[in-house]
Every structure is written in C-alpha cells, then in structure tokens.
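Structure first, then comments.
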Amino acid sequence: MNLRRDVFQAIADPTRRAILLLVASQSMTAGAIAANFNTARPTVSKHLQILTECELLAQEQNGREIYYHLNPEKIKEIADFIEPFRKIWDDRFNKLETIMKKYKSNK
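Heads up, the sequence shown is in my numbering, so the first residue is 1 and it goes up one at a time.
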C-alpha cells in the first residue's frame with residue numbers, strides 16, 4: 001500500500017526544512033546536501049525521498065549525478081495556504097500593539 005505523504009508532515013521536520021533552504025539557492029546532489037549534516041548519508045537520502053514524494057523537491061539527472069532542486073509551485077501552494085493565518089496573526093499583533101500603546105500612555 002502506497003500512502004501519499006503529507007507536505008506539512010514533511011516540512012515539520014527541521015532537517016527537511018534545512019534541506020529545502022539549502023537547495024533554494026542552487027541545485028545540489030545528495031552527497032553535497034549530506035555534507036551539510038552530521039548524520040549518515042542514508043538518513044539524508046530518506047529525507048530527500050520524502051521531500052521528493054511530496055513534490056517539494058524535483059530531481060534532475062545530469063550525467064551520472066542526480067541534482068535536487070526546489071519545486072517553487074509546491075512551495076507556493078504551502079505559502080498560499082498559510083497566508084490567511086499570517087494575516088490573522090498580523091491583525092492580532094497590531095491590536096495588541098495598539099492596546100499596549102494606550103496602556104503606556106495612561107501611565
């Protein structure tokens with residue numbers, strides 16, 4: 001049985017978020033990515049597999065090397081989902097700031 005991985009479970013892991021940040025600026029091989037972590041290469045490979053299954057990373061073969069790069073469309077889907085929540089929190093913090101300014105001026 002092949003379960004579809006959830007993109008939010010994938011980005012919940014700090015190592016996978018770090019991998020996404022690494023490949024955001026340039027395509028990298030699995031070895032180059034693994035060199036940035038103090039874990040075994042098979043562990044990093046599993047993270048890459050999960051990110052690829054979630055379509056957050058795409059693979060591109062160049063000769064014998066496989067390069068991983070960010071899938072901006074999938075990242076945009078995440079950002080679009082999170083945007084309404086960001087607006088809610090911005091509004092709440094703005095209201096709190098207004099209350100705090102009023103409280104300070106009354107002292």
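Heads up, the beta-carbon is just placed ideally off N, CA and C, and yes, glycines get one too.
Buried versus exposed, by CB contacts within 10 Å (16 or more), residue i
i	result
L21	exposed
D13	exposed
I99	exposed
A40	exposed
I82	exposed
Contact set for residue i: own chain, Cβ-Cβ below 7 angstroms, skip 5 residues either direction
i	result
S45	A30
Cα-Cα separation between residue i and residue j, rounded to whole angstroms
i	j	result
I33	R5	21 angstroms
Y67	R86	33 angstroms
A18	K74	17 angstroms
N38	L48	15 angstroms
L56	N94	33 angstroms
T52	V7	10 angstroms
Own chain residues within Cβ distance below 8 angstroms of residue i, not counting five before or after
i	result
E65	T29
Same chain only: Cβ atoms within 6 angstroms of residue i, ignoring 5 sequence neighbours per side
i	result
A24	L70
S105	none
Sequence ranges, beta strand (DSSP E) only - wholly within the stretch 43 to 71, length at least 3: 57 to 62, 65 to 70
Quick check on the DSSP output: what are the complete beta strand (DSSP E) runs of length 3 or more inside the stretch 6 to 32, in order along the chain? none
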